[in-house]
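A short worksheet on the structure shown next.
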Amino acid sequence: MIDIHNHTIFSDGKDSMADVIQAAVERELKVVGISDHFDPYLLRQDVCLQPEGVNSYLREIERLKGSYPITVLSGLELGLQSTGISWPVGDFDYYIYSVHTVPGFPDLRDMEDPWDIYLEEAAMAVELIDKPGFLGHLDFLRRHIPGSKPPSPGELMDILLKQIIACNVGLEFNTSGWMYRLGDPTPQPWVIERYLELGGRLITIGSDSHRAISVGKYNSDALNLLRKLGVSEIFYAVKDRYMSIPI
């Protein structure tokens with residue numbers, strides 16, 4: 008139905024924007040978002056869109072918007088840290104807010120259990136957000152740390168989820184957990200359920216695709232799981248306004 012988390016050759020994706028959008032059309036999605044990496048905190052800046060490239064990035068999205076029978080959105084996967092947000096200059100529809108790093112810990116993948124420090128950092132970083140968007144792949148570290156250990160229910164997770172609700176930020180249901188053979192989405196269903204229990208409702212779906220062939224992958228599985236959790240609508244954002252689609 009929708010997929011608003013997709014990477015292209017403007018960051019670390021392998022295919023063009025046109026290829027990504029065409030793949031979304033072929034999979035009969037209603038909405039597709041382009042959300043390349045913009046993350047000043049990553050050591051590897053070669054995988055990120057740079058400030059000087061933002062204008063050409065947005066122009067290419069605008070050029071393609073009217074060429075396909077699908078809603079095309081201009082987004083960014085924006086890296087966050089509690090030390091501040093480096094907002095890019097440009098008119099975006101939405102952001103995927105992602106905490107990839109923690110100050111003082113250059114590579115969380117070296118830690119057996121990074122969850123306490125990661126959740127604390129994410130909660131402080133989210134507090135700085137003042138523009139519409141969705142917190143991306145909340146437990147993505149399962150892809151990288153020993154044993155794919157997930158976070159546990161508890162006070163720190165609740166603090167983070169309450170913070171994104173207070174900041175009017177949504178939560179991404181990222182299907183890449185299935186793609187990486189973790190057995191479930193990112194975050195795990197219990198996190199989504201807890202978000203709903205705490206009063207959250209702004210759920211979106213993203214594949215985190217880096218190839219056109221992955222656009223919209225596991226979308227049906229995501230919708231089926233969300234329905235089982237009692238979700239009746241999912242969201243995307245257009246120019247500071249959240250839009251809903253019944254499911």
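Count the sequence shown with my numbering and you get residues 8 to 254, in order.
Here a beta-carbon is modelled for each residue, glycine too, at the ideal position from N, C-alpha and C.
All figures in this text were calculated on a predicted structure; none of them were measured in a lab.
Cα-Cα separation, LYS21 to ARG201: What you label residue 21 is simply residue 14 of the sequence shown in a count that begins at 1. What you label residue 201 is simply residue 194 of the sequence shown in a count that begins at 1. C-alpha separation (whole angstroms): 35 Å.
Exposure of GLU179, with buried meaning 16 or more beta-carbon neighbours within 10 Å: Numbered from its first residue, the sequence shown carries residue 179 at position 172. So GLU179 counts as buried.
Bridge-paired residues (DSSP) for GLY177: As a position in the sequence shown, residue 177 is number 170, starting the count at 1. Bridge partners of GLY177: PHE141.
Closest residue to ASN16 among GLU35, LEU36 and PHE45 (Cα-Cα distance): In the sequence shown, residue 16 corresponds to position 9, counting from 1. The question names Asn, yet the displayed sequence has Ile at residue 16. Residue PHE45 is the option with its Cα nearest to ILE16.
8 Å Cβ cutoff met for HIS12 and HIS217: To locate residue 12, count along the sequence shown from 1; it is residue 5. To locate residue 217, count along the sequence shown from 1; it is residue 210. Cβ atoms of HIS12 and HIS217: not closer than 8 Å.
Cα-Cα separation, PRO160 to ALA130: In the sequence shown, the residue the question calls residue 160 occupies position 153. In the sequence shown, the residue the question calls residue 130 occupies position 123. Between PRO160 and ALA130, the C-alpha separation is close to 15 Å.
Every unbroken alpha helix (DSSP H) within the segment 18-95, with a cutoff of 4 residues, ordered by chain: 24-33 and 61-72
Check whether TYR104 and PHE147 have beta carbons under 8 Å apart: Working through the sequence shown from its first residue, we reach residue 104 at position 97. Working through the sequence shown from its first residue, we reach residue 147 at position 140. Cβ atoms of TYR104 and PHE147: not closer than 8 Å.
Three-way DSSP call (helix, strand, coil) for PHE147 in this model: Walking along the sequence shown from the start, residue 147 turns up at place 140. PHE147: helix per DSSP, three-state reduction.
Alpha carbon of ASP120 to alpha carbon of SER93, nearest angstrom: Working through the sequence shown from its first residue, we reach residue 120 at position 113. Working through the sequence shown from its first residue, we reach residue 93 at position 86. Roughly 28 Å separates the two Cα atoms.
Beta-carbon contacts of LEU126 that lie in its chain and below 8 Å, excluding the five residues immediately before and after: Along the sequence shown, read from residue 1 onward, the residue named residue 126 stands at position 119. Within the same chain, LEU126 has close Cβ partners PRO158, LEU163, MET164, ILE166 and LEU167.
Proximity test, TRP122 beta-carbon vs the ligand SAH heavy atom, cut-off 7 Å: Among the components of this structure there are no ligands whatsoever, and the ligand SAH is therefore not found.
Cutoff 8 Å; reference THR206; Cβ partners in own chain excluding five residues on either side: On the sequence shown, residue 206 is found 199 positions in, with the first residue counted as 1. First, the amino acid is wrong: residue 206 is Gly here, not Thr. Excluding sequence neighbours, GLY206 sits near ILE172.
Contact under 8 Å by Cβ, VAL61 with SER18: The count along the sequence shown starts at 1 and reaches residue 61 at position 54. The count along the sequence shown starts at 1 and reaches residue 18 at position 11. Going by C-beta atoms, VAL61 is not nearer than 8 Å to SER18.
Alpha helix (DSSP H) segment containing GLY184, residue limits: In the sequence shown, residue 184 corresponds to position 177, counting from 1. Residues 183-186.
ARG248 versus TYR102 - alpha carbon distance: Here residue 248 refers to the residue found at position 241 when the sequence shown is read from its first residue. Here residue 102 refers to the residue found at position 95 when the sequence shown is read from its first residue. Between ARG248 and TYR102, the C-alpha separation is close to 12 Å.
Cβ separation of VAL32 and PRO95, assumed to be a contact under 8 Å, to the nearest whole Å: Start at 1 with the first residue of the sequence shown, and residue 32 comes out as number 25. Start at 1 with the first residue of the sequence shown, and residue 95 comes out as number 88. Their Cβ separation, rounded to whole angstroms, is 27 Å, which puts VAL32 and PRO95 out of contact at 8 Å.
Beta-carbon separation (whole angstroms), TYR243 vs LEU80, contact threshold 8 Å: Stepping through the sequence shown from its first residue, residue 243 is reached at position 236. Stepping through the sequence shown from its first residue, residue 80 is reached at position 73. Between LEU80 and TYR243 the Cβ distance is about 6 Å, and since that is below 8 Å, they are a contact.
6 Å CB neighbourhood of GLY40 in its chain, flanking five on each side removed: The count along the sequence shown starts at 1 and reaches residue 40 at position 33. Counting only Cβ-Cβ distances below 6 Å, and skipping sequence neighbours, we find ILE11, LEU80 and GLY82.
Per-residue DSSP class, three states only, for PRO6: Residue 6 lies beyond the range of the chain shown here (8 to 254); nothing can be said about it.
Residues sharing a beta bridge with PHE99, DSSP: Numbered from its first residue, the sequence shown carries residue 99 at position 92. In DSSP, PHE99 forms no bridge with anything.
Integer-rounded CB distance, given that VAL198 should sit under 8 Å from ILE136: Translated into positions along the sequence shown, residue 136 becomes position 129. Translated into positions along the sequence shown, residue 198 becomes position 191. In fact, because the Cβ distance is near 19 Å, the residues do not count as touching under 8 Å.
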